[in-house]
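The structure under discussion appears below in the form of structure tokens.
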Amino acid sequence: MKYQILLILLTFSTLVFADKEKPKEKEKPNVVLIMVDDLNDYVGFLGGHPQTKTPAMDKLADRSVIFTNAFSNDPICNPSRASFSTGLYPHTTHFFGFNKFLKNETLMGSKTMFEHFKDNGYTTVGIGKLLHTNINSVWNAYGDQSDFGPFPYDGEKKRVHPSVPAPFDQAGALDGGYASLKDIPTVNGVTGWFDKVKGWPKLEVKPFKYINDEDRDLMPDEVKVQDAKKFIKKFENENSEKPFFLGVGFNRPHTPLYVPQKYFDMFPLADMKLPETGGQAELEGALYGKVKEGNHGKRGYNHFKYLVEGYDNDRDLALRTYIQAYLACIAFVDDQIAGVIKAIEESKFADNTVVVLVSDHAYNMGDKDYLYKFALWDKSTRIPMLVHNPGQKKAIKVTQPVSLIDIYPTLVDLCSLEGSTIKDENGKPLDGHSMVPLYAKNAKQRWQGPDYALSAISGGMGDKFIEKQHYTIRTEQYRYIRYADGQEELYDHATDPNEFANVAKQEKYKGVITELSQKLNKQIGITN
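As structure tokens, then:
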């Protein structure tokens, strides 16, 4: 009897111990998405400009997967963000320009990644500019909305800063502005900075206080950081077992390039280094210097021309002044990113949060005498892309070309999301592919995507819609561009990383052109 009792006690204690040691079901990671507007490769971890100062992004890169050949699928804000959020190519949705997201049947029939996370039990919170036009229903909560301010104001509408020389001021209040906040504007007798200069038909106008860098109102992007901190603290206080998806969309370095003076002081004007020029190699490109419909008409060329003319045709001074403002805005937004990252690191979520950093597209900074986005070259399409996985301590570099549509399926993979991403008969399956196999040793399968990244720009409407668009595919070695009129560009990155020499008509590249053209046709569904 004594031995029987002892056996029962041992069995019971073993069961209790085994239950305590039984591993719990793996917690789903939280996700923090940081999206930056109009940021090109001018970040330290990509080396796009030797003088850039991005310590926060570089620190994140040191413990992230760095996709060194990552590209936007459409170098325009609205279609890029629509494509990114749904994981669908622009040619799949026929959404290329500034159409209304809510009126596109394919987009509305497909779940955004935010909706898919919400349907999988995540608390979804957005702040700032994520979609080009926000859709409230995809979020559980939303913080500060997108805001490009502050602006100079003339009493009726926002204006270009008076320090911007003509004729560049023709670029308009949004695209044509660059100045330090210290340079207090006076326009038509109205002195000072103004925020929230938006809305129609009645403008919402709020004076923006700026005495000096220490005594001023917060910039809109700084408000977003405060909101992010509040939401993270709220998640902690709620002590909920539900994971969260927090998206933070920053506006800078999107124009207008207005930030506090201290960021301009970081980049002395006389020391600014300019983009390389190709010299004679530029002239060898059959299409270089010509206004191409595929590069959205004359805008980028005109911006460059007007900027240089505004400085008495002193190209170097013009670009030094503009690049100084752009780098100042990058340094400013890097500080804001630091605030978000610090809030996560100091929270209880530090070890169970996926952090994604991307830009919606890039920006030509005078390369090829082009100053704008809306182009199909590397300088307008190549973007920073980082994915930090929980527990990752070292950087991993991936050279395989990928694009923004691959973020959605990657997060589905990392967070083990379930269910279809299609809402109704108009929806489409994801075009992108999980990038996890490109860097994870324990990935269940190999990379399923193509050996190139696809980008596009609208070329027209009507019959043969797909054929009328302008496309580019970028492999590790080549960039191939085909415009709607059939003209082509080819750049060999092995010898020409700046894409100065278009070699499309050289005989030795004939086979490359044929191969890449066939790959493009297959991708967009052209069979003849």
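Take the sequence shown: its letters are residues -18 to -1, 1 to 510, numbered as in mature numbering (1 follows the signal peptide of the UniProt record, and there is no 0). Ideal Cβ positions, reconstructed from N, Cα and C, are used throughout, including at glycine.
Consult DSSP for residue i and reduce its assignment to one of helix, strand or coil.
i: Ile109; result: strand
i: residue 512; result: Absent from the model: residue 512. The displayed extent of the chain is -18 to 510, so no value can be given.
i: Thr75; result: helix
i: Glu266; result: At Glu266 the pLDDT is 43, less than 50, meaning the model places this residue with poor confidence; the figure from the coordinates comes in the next sentence. Three-state result, Glu266: coil.
i: His370; result: strand
i: Tyr104; result: coil
i: Val336; result: strand
i: Tyr434; result: coil
i: Val241; result: strand
i: Val25; result: coil
i: Lys504; result: helix
i: Ile365; result: coil
i: Pro479; result: coil
i: Ile448; result: coil
i: Ile495; result: helix
i: Thr50; result: coil
i: Phe80; result: coil
i: Lys410; result: coil
i: Asp1; result: Low per-residue confidence applies at Asp1: pLDDT is 40, beneath 50, and the placement is therefore not dependable, though the value from the model is reported in the following sentence. Asp1 falls in the helix class under three-state DSSP.
i: Thr94; result: coil
i: Phe133; result: strand
i: Thr509; result: coil
i: Ile305; result: helix
i: Leu353; result: strand
i: Asn219; result: helix
i: Arg198; result: strand
Alpha carbon to alpha carbon, how far is residue i from residue j?
i: Glu138; j: Thr477; result: 52 Å
i: residue 515; j: Ser162; result: The structure shown has nothing for residue 515, since the chain only spans -18 to 510.
i: Arg364; j: Phe130; result: 23 Å
i: Glu218; j: Ile326; result: 11 Å
i: Leu228; j: Gln459; result: 36 Å
i: Tyr308; j: Pro235; result: 6 Å
i: Arg456; j: Lys85; result: 31 Å
i: Ala268; j: Glu489; result: Any reading at Ala268 must be qualified, since the residue scores a pLDDT of 38, below 50, and its modelled position is unreliable; the value itself is stated next. When rounded, the distance between both Cα atoms is 14 Å.
i: Glu291; j: Val47; result: 42 Å
i: residue 511; j: Phe246; result: No statement about residue 511 is possible, as the shown extent of the chain runs from -18 to 510 and does not include it.
i: Lys324; j: Lys330; result: 12 Å
i: Phe232; j: Glu204; result: 9 Å
i: Ile506; j: His343; result: 21 Å
i: Asn484; j: Pro57; result: 20 Å
i: Lys272; j: Ala466; result: A caution first: Lys272 carries a pLDDT of 45, below 50, which makes its placement in the model too unreliable to give a value.
i: Pro37; j: Gly282; result: 30 Å
i: Tyr462; j: Glu258; result: 21 Å
i: Leu299; j: Ile214; result: 44 Å
i: Tyr434; j: Pro167; result: 46 Å
i: Tyr382; j: Leu256; result: First, the residue type needs correcting, since residue 382 is Gln and not Tyr in the sequence shown. Going from the Cα of Gln382 to the Cα of Leu256 covers about 28 Å.
i: Phe27; j: Lys41; result: 9 Å
i: Val25; j: Cys59; result: 20 Å
i: Thr106; j: Phe226; result: 6 Å
i: Leu353; j: Gln500; result: 31 Å
i: Val230; j: Leu339; result: 10 Å
i: Asp195; j: Tyr135; result: 20 Å
i: Ile508; j: Pro72; result: 15 Å
i: Thr88; j: Lys410; result: 7 Å
Sort out for me which residues DSSP pairs residue i with in a bridge.
i: Gln127; result: Gly110
i: residue 581; result: The requested residue 581 is not part of the displayed model; the chain covers only -18 to 510.
i: Ala486; result: Looking at the DSSP assignment, Ala486 forms no beta bridge with any residue, so it has no partner.
i: Leu228; result: Val14, Val107
i: Pro189; result: Phe176
i: Tyr462; result: Ile455, Leu472
Going by Cα to Cα distance, which pick from the options is closest to residue i?
i: His76; options: Phe286, Thr496, Phe447, Thr403; result: Phe447
i: Tyr390; options: Ser416, Ile305, Gln374; result: Ser416
i: Lys492; options: Phe150, Glu471, Phe482, Lys504; result: Glu471
i: Phe482; options: Asp360, Ile495, Lys188, Gly414; result: Asp360
i: Asp294; options: Ala148, Leu89, Ile387; result: Ala148
i: Thr74; options: Ile387, Ser398, Arg428, Ile463; result: Ile387
i: residue 516; options: Thr50, Ser65, Ala153; result: Since the displayed the chain opens at -18 and closes at 510, residue 516 lies outside it and no answer follows.
i: residue 553; options: Gly159, Leu299, Glu196; result: No answer is possible for residue 553: it lies beyond the span of the chain, which begins at -18 and ends at 510.
i: Leu393; options: Ile166, Asp413, Ala123, Val418; result: Val418
i: Ala206; options: Tyr135, Asp126, Gly348, Gly441; result: Note on identity: in this sequence residue 206 is Lys, with Ala being the wrong assignment. It is Asp126.
i: Ala123; options: Ser499, Val369, Lys100, Gly108; result: Gly108
i: Gly79; options: Ile495, Ala486, Ser62, Lys423; result: Ser62
i: Lys188; options: Asp44, Asp177, Tyr473; result: Asp177
i: His98; options: Asn81, Gly69, Phe83, Glu87; result: Gly69
i: Thr173; options: Ser341, Arg141, Leu21; result: Arg141
Determine whether the Cβ of residue i lies closer than 8 Å to any Cβ atom of chain D.
i: Met417; result: Of the protein chains in this structure there is only one, and it is not chain D.
Whole runs of the beta strand (DSSP E) within the segment 136 to 185, excluding any shorter than 3 residues: 160 to 162, 175 to 180
Ordered list of alpha helix (DSSP H) runs contained in the segment 369 to 407, each at least 4 residues: 389 to 396
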